[in-house]
Amino acid sequence: MHDEAKLINKAVRGDSRALSELLREHYSFLYQYALKMTMNKMQAEDITQETMLRAIEKISGFQGRAKFSTWLLSIASRLFADRIRRKEREKAWLREEQSLRAIRYETLHKMDEWPEALQALGELSGEIRMPVLLKYYYGYAQEEIAAMLDVPVGTVKSRLHNGLKQLRKELAKHEEA
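Going by the working numbering, the letters in the sequence shown line up with residues 137 to 313, in that order.
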């Protein structure tokens, strides 16, 4: 362990050979952790490589409060958690898109015309669409919307402003066509 402490000190001071040796010594351990965490060989390889890159980028900030291996595991864990969150956001976006398509299909199926305003509303991001709907469709006050969405009133005002601006822009495109 004493040798590892010397390698760490050298690596933190910018010795790339010391860092390379440290990473080589911990690669297998890190990969095994990533494999157990992801239960997927390709993801484990990606997480391990990305962790190594982050360690190279951030080694100067390593303060030795924990063991080097613990530091690497924490980087890998955060990367994996970020991937899970990203995947959840992508799934939510896909569900939203599918729902919008279903509404369009249902409306067209009934032989109703798909209102241009609804089309433009569908182009807004979810975080902007919610305040616009709550304010202009359901009639809630900005303060009520802020409480519902757990954001400051200023954020609601900003989202409403941006939403209306985007809606006007989208509707102007439809009028020109």
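Where a beta carbon is used, it is the ideal one built from N, C-alpha and C, also for glycine. In this text the structure is predicted, and so the values were computed from the model without any measurement.
In the three-state reduction of the DSSP assignment, M175 falls in the coil class. Counting along the chain, Q278 sits inside the alpha helix (DSSP H) bounded by residues Q278 to L285. Contact between T187 and L155 is ruled out by a C-beta separation of about 13 Å, above the 8 Å threshold.
Put simply, the backbone Cα of T174 is about 15 Å away from that of R222. In this structure, the beta-carbon distance from F216 to I144 does not fall below 8 Å. One Cα belongs to K293, the other to Y272, and the distance between them is close to 13 Å. In this structure, the CA atom of T184 is about 13 Å from the CA atom of E161.
Ranked by Cα distance from L285, the first of G275, M266, Q302 and S213 is M266. In the three-state scheme derived from DSSP, where H, G and I count as helix and E and B as strand, Y274 is classed as coil. Between F204 and L260, the beta carbon gap of about 47 Å keeps them out of contact (Cβ cut-off 8 Å).
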